[in-house]
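For my numbering, count along the sequence shown from 1 and bump the result up by 19. Even glycine gets a Cβ: it sits at the ideal position worked out from N, Cα and C. Owing to the predicted nature of the structure, the values given are computational and were not obtained by experimental measurement. Below is one structure; the comments refer to it alone.
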Amino acid sequence: MNLYNRDLICTQDWEVEELEAVLDWAAKMKRDRFSPQWTSILQHKTFLMFFYNPSVRTRQSFECAATELGGHAQFLEPKAMRLKTATTAGETVEDAAQVMSRYAHGLGIRILEDKVPYYGAGEELIREYAQWCSIPVISMAHDKYHPCQGLADVMGWAEWFGKGPGYPDPTVLRGKKLLVTWGHGALARSWSSV
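Here you go:
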């Protein structure tokens with residue numbers, strides 16, 4: 020199975036077997052976190068983290084992961100870049116994506132509903148970056164989906180129902196009914212927060 024250079028924008032874009040392979044690989048890495056087998060896998064590689072919205076856990080987890088795997092994570096935010104908007108001149112998504120592709124080996128984007136004009140526009144923007152990038156694009160959360168969090172949740176459930184931490188068995192979740200809640204309240208941080 021070749022997952023090289025694949026974008027991760029929504030888990031529904033991937034086959035179940037591909038997601039299970041990613042979870043299996045993640046479990047192996049978790050069990051032997053600081054093994055030389057993993058600590059140089061991203062050596063001399065840069066991962067761009069493009070944050071339209073700030074985050075404590077997302078930034079820390081991606082930045083630490085890149086470092087522990089031997090790479091470098093670079094923090095970017097739109098206000099520090101000259102990007103074209105409906106009211107300002109600047110770089111188009113096509114131009115920005117192609118420039119980013121020349122300097123990095125992967126691009127993560129986090130954009131939530133307060134930065135887009137309508138539901139789904141964040142996903143559309145990430146997909147537009149993916150269209151023009153020659154490097155993999157990962158959604159670090161957008162207005163519709165949070166694929167990395169979803170995979171982490173599935174891994175946690177698979178460990179809980181399986182053989183314990185570092186030993187998830189995604190097959191134990193087959194046939195299980197899992198409740199997914201989606202609510203909006205006065206104190207919710209985003210559309211998918213409860």
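ask   = Under a three-way DSSP split, which group does Gly175 fall into?
value = helix
query = Can you tell me whether DSSP reads Gln273 as helix, strand or coil?
reply = The displayed coordinates of the chain run from 20 to 213. Any statement about residue 273 would go beyond what the structure contains.
query = Considering Arg50, what are the terminal residues of the alpha helix (DSSP H) in which it resides?
reply = Val35 to Arg50
message = Using only the alpha-carbon positions, how far apart do Ala115 and Leu102 sit?
response = 8 Å
message = Within a Cβ cutoff of 7 Å, which residues of the same chain sit near Tyr148, ignoring the five residues on either side of it in sequence?
response = Val112, Ala116, Leu126, Ile128 and Val156
key: Span separating the alpha-carbon of Val118 from that of Cys152   = 9 Å
ask   = Between Glu110, Trp57, Gly90 and Phe94, which lies nearest to Thr65 when the distance is taken from Cα to Cα?
value = Comparing Cα positions, the closest option is Gly90.
inquiry  = DSSP has Ile128 in a bridge; who is on the other side?
reply    = Phe69 and Ser158
inquiry  = Can you give me the C-alpha to C-alpha distance between Gln79 and Met174, rounded to a whole angstrom?
reply    = 19 Å
query = Skipping 5 residues on each side, what residues in its chain have a beta carbon closer than 8 Å to that of Phe81?
reply = Phe66, Met68, Ala92, Gly127 and Met159
message = Short of 8 Å in beta carbon distance, which residues of its chain neighbour Ile145, apart from the five on each side in sequence? Order them along the chain.
response = Ile28, Ile128, Ile130, Val156, Ser158 and His161
key: Cβ distance (whole Å) where Leu38 is taken to contact Ala177 below 8 Å   = Contact flag wrong, Cβ pair sits at about 11 Å.
request  = Specify the secondary structure class of Glu142 as computed by DSSP and reduced to three states.
outcome  = helix
query = When you compare each of Leu88, Phe70, Asp32 and Ala108 to Ala45 by their alpha carbons, which one comes out closest?
reply = Per the Cα distances, Leu88.
Simplified DSSP assignment, three categories, for Ala85 = helix
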